[in-house]
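First comes the structure, then the notes that go with it.
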Amino acid sequence: MKIPSYLTHDFRSIQGNGELTEVYFGSQSTEDTFEIWFTGEVVSVDEEAQPYIMETDSHPLIIIAKHSVSGQTFLLFDGTIHGYDAMFCDQPYDEPLEQLSPIKYDFPPAILKLSFFYNIDYEDEKESYEFDAMGNVMLLNGLSMPWEQVKCDGFDAFALSVIDTQGIEHEIVNLELA
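Structure below.
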């Protein structure tokens, strides 16, 4: 099962198969819940209870989980480096990310469900990637990454849901990244 290499938090559960990995953060019973902070915009979507978080044309989407008790933060998604497009298609973002001010998503602290989709057959396309002298894959931003990490971090879609106190999932992010 593939899990993005940058996720280092102690997950409550991980489920997956070859094409989908679902990672759950938190537990209502232990007050292990999270707020969502992001750079981007909120857009209402017809027939959806919660508005969606979207990237803007002026800056990349960054999503952060903030623990509701400890205040500890965890990076969930950074549109400048995570996913296939950021690694191999999109031009690197040149502005300092520190200048972006995250805003809080309007939803009570909740359990989070992160979904990573892996529909790219990297092994079948391996010869189309450029490798450095160390055998690492060259990324569009000039950095390089080990082949196995590329297969974990180069997901082609990402979704984020918040799970309310009744156990109902509300999808708030759905991104195609390839």
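Under UniProt numbering, the first residue of the sequence shown is numbered 1, with each subsequent residue one higher.
Beta carbons are placed, not taken as given, at the ideal position from N, Cα and C, and that holds for glycine.
Anticipated Cβ contact below 8 Å, residue i with residue j, distance rounded
i, j, result
"residue 163", "residue 171", "Not confirmed; about 11 Å, so no contact."
"residue 156", "residue 120", "5 Å"
"residue 176", "residue 113", "In fact, because the Cβ distance is near 18 Å, the residues do not count as touching under 8 Å."
Selection from the options that minimises the alpha carbon distance to residue i
i, options, result
"residue 154", "138, 166 and 160", "138"
"residue 69", "32, 86 and 133", "32"
"residue 7", "167, 130, 115 and 128", "115"
"residue 111", "73, 27, 44 and 48", "27"
"residue 11", "74, 53, 63 and 140", "74"
"residue 173", "45, 84 and 54", "54"
"residue 152", "122, 46, 126 and 134", "122"
Own chain residues within Cβ distance below 6 Å of residue i, not counting five before or after
i, result
"residue 60", "79, 80 and 93"
"residue 62", "39 and 78"
Contact with chain D by residue i, beta-carbon distance below 7 Å
i, result
"residue 167", "Looking at the structure shown, chain D is missing, and only one protein chain is on hand."
Limits of the unbroken alpha helix (DSSP H) element including residue i
i, result
"residue 149", "147 to 153"
Run of the beta strand (DSSP E) containing residue i, from where it starts to where it stops
i, result
"residue 85", "Taken as a continuous stretch (DSSP letters only), residue 85 belongs to no beta strand (DSSP E), being part of the alpha helix (DSSP H) at 84 to 88."
"residue 157", "157 to 163"
"residue 15", "13 to 16"
"residue 66", "62 to 67"
Residues near residue i by beta carbon distance below 8 Å, same chain, minus five either side
i, result
"residue 142", "92"
Cβ-based neighbour list, residue i, same chain, cut-off 7 Å, excluding 5 preceding and 5 following
i, result
"residue 178", "84, 85, 120 and 156"
Pairs of beta-carbons, one from the region 65 to 79 and one from the region 136 to 147, closer than 8 Å: are there three or more? no
At least three beta-carbon pairs within less than 8 Å, the region 102 to 109 to the region 30 to 45: yes
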